[in-house]
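A.B. asks:
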DNA sequence: CCAATATACCTTCCATGGAAGCTACTGCGT
DNA sequence: ACGCAGTAGCTTCCATGGAAGGTATATTGG
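Chains as they are written, first to last, in the UniProt record's numbering: chain Y, 1 to 189; chain E, 1 to 189.
Following this line, the structure appears as C-alpha cells:
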C-alpha cells in the first residue's frame, strides 16, 4: 500500500483519525465495558509510532539499496571498528535474529560485494564476516543520511520532551528485564 | 558453565546488555565522532521496546492459535459491534496492511471457522466478512487474556510514568502527522 | 443501452525471517 | 589416539506480507 505521504485525499487507508488509538479505545469501551483497556493507550501508541518511524527509516535505507536487515548487519560490522570483522553468531546476537536469518542476510550482502566471508583461522567451525572497502564506503554514506533522518524525525520534539521520553523508555525496558530489583534481600537459591 | 554473577544469562540471542542501546551509542561515538548519534537514544530504545512488547503479546495470541495478523482482524471485527461484520477493504485499512495480505488473513480465519465470507448484497464487487459465533467466543476469551497481559507489562511503570509516556507518544505521533500546526492562519484554498 | 473508466477483491510471485535439523569442527575424557 | 558431546554455521521448509496485475462489478458520459 503506497503510503503516499504527500497524497491528498486517500482517506480510506489512513482514517486520518486525529488519534486512531483513541477511537479504538472508545469502541472497546462500548463493546467490552467489562474490561479496562487503558494500557492500549500506551502500548498501542508505542506500537504504531514505532512502525511509523521504522517505515521512515527504511525509506533512507532503500535509497542505498539496503533493507533494514542488511543495514543492521553493516552497522554492527562498522561499529566493531577496523578491521570491521565479526562472526556470524555475534552479528545474529547483536541484531536479534536467528543464525538462519543471519546466514541469508550475509548471503545477500556478499552477493552485493559489501562483505566477504572466510574461515576463521583460530576455529575451523567459525567464519569471519568482514566489511569490504566498498561496503564501508557505502555504509558510512548511508549511516550519515540515516542519522540526518533520525534528527529530522526527532526534531518535532523539544529537547526536554525527547529527554523525558528517553528516560521513560529506558526505565520501562530495564524494569521488564529485571522484574524486582529494589527490595534488597533474598539473593534467592 | 558461565558464572555470570549477576546475569540472568538467558539465550545467546538476547545479549542481556544492561542497556544495549547505550553501548551501541558508545561504539558509534568512538567510530564516528563526527556524527551526533543522540537520536538513537530515543528511536533505538523505542524500536527495541516495541519489539519486546510485541513478542510478549504474541505469546498470548499463540495460546489461542492466533498470529498477530489474525488477532488484529478479529479485533477489528469485534470492535465493529454486532453483527460483527466489515468489508475486507475496511479491515485492511484498520489494520494497516495491503488488501492482498488481508485476503490471506481472511483465508486463514475462514479455514479455521472463525469468520465467514459472503458477497455484499448492495455491491456485487464487495464482500462481507463476519465473525462466527465460535470466532466471537474465541476472540473474547483471547482478548480478555490479552488485556490482562497488557496490564501486566504496563504494571512495572507507575501510573504517573505511564501517563507521561502516553502523552509524549501521542504528541510525537501527532506532530509527525501534522508538521506545522501552531502558527494559526492560512486556512488555505 | 453501450463503452470507458473506476472500484473491490483476489491471484501470483517474490522477499524476508523463524524453526528445526544437518554438517563440520573442536576439545575433553579415557 | 579415539570417540563423543558441544558449538558454529548452513540448509530446508514453511509462514507471512508487499507489489503488481487480473477479474468481476459498478458508475458515468454519450
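C-beta atoms are modelled at their ideal positions from N, C-alpha and C, and glycine is treated no differently.
Here the structure is a predicted model, which means the values were calculated and not measured.
(1) Select from Y:74, Y:93, Y:95 the residue whose C-alpha is nearest the C-alpha of residue 85 of chain Y.
(2) Confirm, please, whether the CB-CB distance from residue 118 of chain E to residue 190 of chain E is below 9 Å.
(3) Which chain E residues sit within Cβ distance under 8 Å of residue 190 of chain Y?
(4) Which residues of chain E have a Cβ atom closer than 7 Å to the Cβ of residue 50 of chain Y, listed in chain order?
(5) Closest to residue 156 of chain Y by CA distance: which of E:91, E:49, E:178 is it?
(6) Roughly how many angstroms lie between the CA atoms of residue 175 of chain Y and residue 44 of chain E, to the nearest whole one?
(7) So for residue 178 of chain Y, helix, strand or coil by DSSP?
(8) Note down, in chain order, every chain Y residue with its Cβ under 8 Å from the Cβ of residue 145 of chain E.
(9) Do we get a CB-CB distance below 9 Å when we pair residue 132 of chain E with the residues of chain Y?
(10) What whole-angstrom Cβ distance do residue 149 of chain Y and residue 57 of chain Y have, given they're in contact under 8 Å?
(11) Whole angstroms are fine: how far does the CA of residue 126 of chain Y sit from the CA of residue 106 of chain Y?
(12) Relative to the alpha-carbon of residue 67 of chain Y, which residue among Y:153, Y:151, Y:54, Y:78 has its alpha-carbon at the smallest distance?
(13) Hey, is residue 2 of chain E's beta-carbon within less than 9 Å of any beta-carbon in chain Y?
(14) To the nearest angstrom, how far is the alpha carbon of residue 131 of chain Y from that of residue 158 of chain Y?
(15) Take residue 115 of chain E as the anchor and find which of E:153, E:167, E:23, E:83 has the nearest alpha-carbon.
(16) Interface residues of chain E around residue 129 of chain Y at Cβ under 9 Å?
(17) Kindly provide the ranges of any beta strand (DSSP E) runs that are 3 or more residues long and lie completely inside the stretch 89-129 of chain Y, ordered along the chain.
(18) Can you pull out the residues from the stretch 135-169 of chain Y whose beta carbon lies closer than 8 Å to at least one beta carbon of chain E?
(19) 9 Å is my cut-off, CB to CB: does residue 106 of chain E come that close to chain Y?
(20) Indicate the three-state DSSP secondary structure (helix, strand or coil) for residue 32 of chain Y in the structure shown.
(21) Given residue 20 of chain E, which residues of its chain have a CB within under 8 Å of its CB, disregarding the five upstream and five downstream residues?
(22) Should residue 70 of chain Y go down as buried or exposed, given a rule of 16 or more other Cβ atoms within 10 Å for buried?
(23) Return yes when the Cβ of residue 63 of chain Y is within less than 9 Å of the Cβ of residue 143 of chain Y, no when it is not.
(24) According to DSSP, is residue 157 of chain E helix, strand or coil?
(25) Would you verify that the beta carbon of residue 122 of chain E is, or is not, closer than 9 Å to some beta carbon of chain Y?
(26) If you compare alpha carbons, which of E:46, E:113, E:72, E:95 is closest to residue 169 of chain Y?
(27) Can you find the residues in the same chain that come closer than 7 Å, C-beta to C-beta, to residue 113 of chain Y, ignoring five residues on each side of it along the sequence?
(28) For residue 66 of chain Y, name the three-state secondary structure that DSSP assigns.
(29) Nearest to residue 154 of chain Y by alpha carbon, out of E:22, E:36, E:28?
(30) Hey, is residue 74 of chain Y's beta-carbon within less than 9 Å of any beta-carbon in chain E?
(31) How would you label residue 23 of chain Y, buried or exposed, when you count the other beta carbons within 10 angstroms and need 16 or more for buried?
(32) Considering only residues of the same chain and omitting the five flanking positions on each side of residue 141 of chain Y, which have a CB-CB separation below 8 Å?
(33) Quick check: is the beta carbon of residue 175 of chain E nearer than 9 Å to any beta carbon in chain Y?
(34) Tell me the rounded alpha-carbon separation between residue 103 of chain E and residue 122 of chain Y.
(35) Please check if any C-beta of chain Y sits within less than 9 Å of the C-beta of residue 42 of chain E.
C.D. replies: According to the data block:
(1) For the purposes of this step, residue 85 of chain Y is taken as residue 85 along the first chain, with counting starting at 1. The shortest Cα separation from residue 85 of chain Y among Y:74, Y:93, Y:95 belongs to Y:74.
(2) In this structure chain E extends from 1 to 189, so residue 190 of chain E is not present and cannot be described.
(3) Nothing can be reported for residue 190 of chain Y: it is not among the residues displayed for chain Y, which extend from 1 to 189.
(4) The count along the first chain starts at 1 and reaches residue 50 of chain Y at position 50. Neighbours of residue 50 of chain Y in chain E, taken as residues whose beta carbon is under 7 Å from its own, are 46, 47, 50 in chain order.
(5) Within the first chain, the letter at position 156 stands for residue 156 of chain Y. Distances from the CA of residue 156 of chain Y to each of E:91, E:49, E:178 were compared; the closest alpha carbon is that of E:178.
(6) Position 175 of the first chain holds residue 175 of chain Y. Position 44 of the second chain holds residue 44 of chain E. Going by the C-alpha atoms only, they are around 17 Å apart.
(7) Position 178 of the first chain, counting from 1, holds the residue named residue 178 of chain Y. Note: residue 178 of chain Y maps to coil in three-state DSSP.
(8) By one-based count along the second chain, residue 145 of chain E stands at place 145. Here the premise fails: no neighbours, minimum Cβ distance about 11 Å.
(9) Stepping through the second chain from its first residue, residue 132 of chain E is reached at position 132. Chain Y contact via Cβ: absent.
(10) Taking the first residue of the first chain as position 1, residue 149 of chain Y is located at position 149. Taking the first residue of the first chain as position 1, residue 57 of chain Y is located at position 57. The Cβ separation is near 6 Å, so the contact holds.
(11) Here residue 106 of chain Y corresponds to residue number 106 of the first chain, with the count starting at 1. Here residue 126 of chain Y corresponds to residue number 126 of the first chain, with the count starting at 1. If you take the alpha carbons of residue 106 of chain Y and residue 126 of chain Y, they lie about 14 Å apart.
(12) Indexing the first chain from 1 puts residue 67 of chain Y at position 67. It is Y:54.
(13) The sequence position of residue 2 of chain E within the second chain is 2, counting from 1. Here residue 2 of chain E scores only 33 on pLDDT, less than 50, and its place in the model should not be relied on; the value that follows carries that caveat. Taking Cβ atoms only, chain Y never reaches closer than 9 Å to residue 2 of chain E, which makes this a no.
(14) On the first chain, residue 131 of chain Y is found 131 positions in, with the first residue counted as 1. On the first chain, residue 158 of chain Y is found 158 positions in, with the first residue counted as 1. C-alpha separation (whole angstroms): 37 Å.
(15) Stepping through the second chain from its first residue, residue 115 of chain E is reached at position 115. Of the listed residues, the one whose Cα sits closest to residue 115 of chain E is E:83.
(16) Here the question's residue 129 of chain Y lines up with position 129 in the first chain. For a Cβ distance threshold of 9 Å, nothing in chain E lies close to residue 129 of chain Y: the least Cβ distance comes to about 17 Å.
(17) The stretch 89-129 of chain Y contains these whole beta strand (DSSP E) runs: 115-119.
(18) For the stretch 135-169 of chain Y, which is checked against every Cβ of chain E, the residues closer than 8 Å are 140, 143, 144, 147, 150, 151, 153, 154, 156, 157, 161, 162, 164, 165, 166, 168, 169.
(19) For the purposes of this step, residue 106 of chain E is taken as the residue at position 106 of the second chain. Under the 9 Å criterion on CB atoms, residue 106 of chain E is classed as non-interfacial with respect to chain Y.
(20) The residue labelled residue 32 of chain Y in the question sits at position 32 within the first chain. If DSSP states are grouped into helix, strand and coil, residue 32 of chain Y belongs with coil.
(21) To locate residue 20 of chain E, count along the second chain from 1; it is residue 20. Taken in chain order, the residues that qualify are 48.
(22) Numbered from 1 along the first chain, position 70 holds the residue referred to as residue 70 of chain Y. Buried, since its Cβ has 16 or more Cβ neighbours within 10 Å.
(23) Translated into positions along the first chain, residue 143 of chain Y becomes position 143. Translated into positions along the first chain, residue 63 of chain Y becomes position 63. It is not a contact, given that the beta carbons lie outside the stated cut-off.
(24) Counting from 1 along the second chain, the entry for residue 157 of chain E is found at position 157. The three-state reading of DSSP puts residue 157 of chain E in coil, since its state is none of H, G, I, E or B.
(25) Start at 1 with the first residue of the second chain, and residue 122 of chain E comes out as number 122. At least 9 Å separates the CB of residue 122 of chain E from every CB of chain Y.
(26) By one-based count along the first chain, residue 169 of chain Y stands at place 169. Ranking the options by Cα distance to residue 169 of chain Y, first place goes to E:46.
(27) Within the first chain, residue 113 of chain Y is the residue found at index 113, counting from 1. The answer, listed in chain order, is 132, 134.
(28) In the first chain, counting from the first residue as 1, residue 66 of chain Y sits at position 66. Residue 66 of chain Y: coil per DSSP, three-state reduction.
(29) If you number the first chain from 1, residue 154 of chain Y lands on position 154. Among E:22, E:36, E:28, the Cα nearest to that of residue 154 of chain Y is on E:36.
(30) Taking the first residue of the first chain as position 1, residue 74 of chain Y is located at position 74. Taking Cβ atoms only, chain E never reaches closer than 9 Å to residue 74 of chain Y, which makes this a no.
(31) Here residue 23 of chain Y corresponds to residue number 23 of the first chain, with the count starting at 1. Classification for residue 23 of chain Y: exposed.
(32) Indexing the first chain from 1 puts residue 141 of chain Y at position 141. Contacts found: 64.
(33) Locating residue 175 of chain E in the second chain gives position 175, counting from the first residue. Under the 9 Å criterion on CB atoms, residue 175 of chain E is classed as interfacial with respect to chain Y.
(34) Position 103 of the second chain, counted from the start, is the residue given in the question as residue 103 of chain E. Position 122 of the first chain, counted from the start, is the residue given in the question as residue 122 of chain Y. If you draw a straight line from the Cα of residue 103 of chain E to the Cα of residue 122 of chain Y, it comes to about 51 Å.
(35) For the purposes of this step, residue 42 of chain E is taken as the residue at position 42 of the second chain. At least one C-beta of chain Y is nearer than 9 Å to the C-beta of residue 42 of chain E.
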